[in-house]
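As structure tokens, the structure follows; a few thoughts come after it.
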Amino acid sequence: MHPSLSTAHLLNRTARQAGACLGLVAGLYASAWAGPHEHGVVHMTVAIEGTIVQLALRAPQESLLGYERAPREGTEKQQADKLIEQMRVAESVIEWNAQAQCKATSASVNAPGLQGKAQAGGHVDIEAQYRFECGQVAQLRSAKVSLFELSRRISRVQVQVAGPQGQSQSTLRRNRREFQIGK
Ligand SMILES: [Zn+2]
């Protein structure tokens, strides 16, 4: 695993696409998917443009449910359904500082492994995308990743932020769930 190489590559790619607004967002989404599949590690990208904030995340299914296959009927199925339902609620994934007045306008979760569609090698991710509109985007200063509360198996969340104040990266852990924006 070479996280530093990977990060440099991602930033280069994002920078190349930064010329166009839509390109920036597309680049960030691409970078979220490009990170390594490592159990316990979730990758998140945040793109801020005008009053819109977009968040994309990718997590190993193992780190949310404990297995990377379709759930068994009964308890596993119920827990998987509950997890997906929770992830569709943006606030159970991230909470922006209240002054920014950001409200989720869309959320989507993609979990191919729950339909038994694991990738080659048996690994599979759960991906989600969220869009927010912020009434006071100039007040956007920080966010807390509440996703940690959905699974004890998440040990680290890698966050990349791109917005009018530039790019930043944060490594969050269970005892440090907040990151700053624009610093
Ligand atoms: Zn895996």
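Residues in the sequence shown are numbered from 668 upward in steps of one, following this note's numbering.
Built from N, CA and C at the ideal position, the CB exists for glycine as well.
For Thr712, the enclosing beta strand (DSSP E) stretches over residues Val708 to Glu716.
At a cut-off of 7 Å, the beta-carbon of His710 does not count as near ligand 1: no heavy atom of the ligand is closer than that. Taking 8 Å as the cut-off, the Cβ atoms of Glu735 and Gly789 count as close. Nearest to Gly849 by alpha-carbon distance, out of Val824, Val708, Val709 and Ile715, is Ile715.
Of all C-beta pairs linking the segment 712-727 to the segment 796-803, three or more are shorter than 8 Å, placing the two stretches in contact.
Annotation for Gly702: His710 place their beta carbon closer than 6 Å to its own, counting only its chain and skipping 5 residues before and after.
Residue pairing by DSSP places Arg843 opposite Arg840 in a beta bridge. Secondary structure of Pro727 (DSSP, three-state): strand. Secondary structure note for Ile761: its beta strand (DSSP E) is the uninterrupted segment Ile761 to Trp763.
CA-to-CA, the gap between Met754 and Leu814 works out to about 8 Å. Here the distance from the Cβ of Pro703 to the nearest heavy atom of ligand 1 is not below 7 Å. Linking Leu732 to Ser809 through their CA atoms gives a straight-line distance of about 28 Å. Beta-bridge partners assigned by DSSP to Ala771: Phe799.
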